[in-house]
Ligand SMILES: CC(C)(COP(=O)(O)OP(=O)(O)OC[C@H]1O[C@@H](n2cnc3c(N)ncnc32)[C@H](O)[C@@H]1OP(=O)(O)O)[C@@H](O)C(=O)NCCC(=O)NCCSC(=O)C[C@H](O)C(=O)O
Ligand SMILES: [Mg+2]
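Numbering (the working numbering), first residue to last: 651 to 930.
Written out as structure tokens, the structure is:
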């Protein structure tokens, strides 16, 4: 299975239809951390086969930036062919993963040495089975969980407002499951392309919940996600101060010290080092 580096940034992960060559060309010059070429919901049934070929060709042209392909579910008309075609891409986004068995099946279809799986968690069953999905991550080469908030809201029959209140328990469960298994966690998309205030609020909320970044649907959403998922200048200053404080001679042998009027422990040192590693 391909390597996955947890320190890679995933602040802004932009979806685009694999059937849209103009969007794919534009994405080459955008400041998102990763892209996902979609073969599922954004592509009409009659365009699926052409889109599959376009995705495989385009995925090779993104250089160092991760370019994933979202395939159709294995139980659809296109899923098996998609899985075989994308064996050489950087990562495969799998929609509607609902159980550990789904991950085992997709790994078998992708091949043992195939790309890492990015699993979309977007059904009520998946939320109920997050512990078994997370537990199966290591043996199935699953590196990342994505909240599919549109499908989840549809299944729940909830009506998320700007605060996304009905989705919050599920989003929190997803982050906990990801952290327990050492996975990257990405928040769902914000459909309101023309509402920058709502986007900023969703990005801030996603960062507060613990997500590593947000999935996006439009280039105009990238800057807000990059800013919200940071690390911010304030976080970097704090991280440097913590590392410096623990490196000082009087911190030797101490588990907890005082810094700027607050207690910091060695668990904060580990977090500070993670933030500095993310900033590169
Ligand atoms: C939503 C859109 C259909 C809007 O398209 P449009 O109105 O044409 O956008 P603009 O005219 O504002 O576009 C301006 C330029 O930007 C390019 N563009 C637009 N979107 C993207 C994109 N996603 N990536 C790259 N480039 C993009 C346009 O080509 C224009 O370029 P130019 O003419 O050269 O200036 C459209 O934004 C879109 O298709 N978005 C992605 C939709 C998608 O992929 N959906 C599937 C994933 S989301 C999902 O499924 C969620 C999940 O499963 C769940 O359940 O929650
Ligand atoms: Mg979906």
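C-beta atoms are modelled at their ideal positions from N, C-alpha and C, and glycine is treated no differently.
Of the residues the options, the one placed nearest residue i, counting alpha carbons only
i	options	result
residue 835	765, 919, 743 and 868	743
residue 717	693, 755 and 678	678
residue 729	715, 755 and 708	755
residue 796	808, 773 and 676	773
residue 746	893, 725 and 877	725
residue 813	671, 848, 798 and 791	848
residue 870	825, 896 and 840	840
residue 701	671, 810 and 909	671
residue 824	800, 681, 808 and 776	776
residue 928	885, 800 and 697	885
residue 816	663, 802 and 926	802
residue 665	917, 868 and 902	868
Residue i, DSSP secondary structure in three states
i	result
residue 742	strand
residue 863	strand
residue 896	helix
residue 735	helix
residue 690	coil
residue 784	helix
residue 811	coil
residue 654	Interpretation of residue 654 is limited by its pLDDT of 40, a score under 50 that renders its predicted location unreliable; the figure taken from the coordinates is listed afterwards. Looking at residue 654 - three-state DSSP - the assignment turns out to be coil, as it is neither helix nor strand.
Within 8 Å, strictly: CB atoms of residue i and residue j
i	j	result
residue 820	residue 785	no
residue 688	residue 661	no
residue 895	residue 907	yes
residue 788	residue 850	no
residue 838	residue 865	yes
residue 709	residue 740	yes
Whole-angstrom C-beta distance between residue j and residue i, which should lie under 8 Å
i	j	result
residue 922	residue 889	4 Å
residue 791	residue 767	6 Å
residue 686	residue 715	That belief does not hold up - the Cβ atoms of residue 686 and residue 715 are roughly 12 Å apart, past 8 Å.
residue 668	residue 705	4 Å
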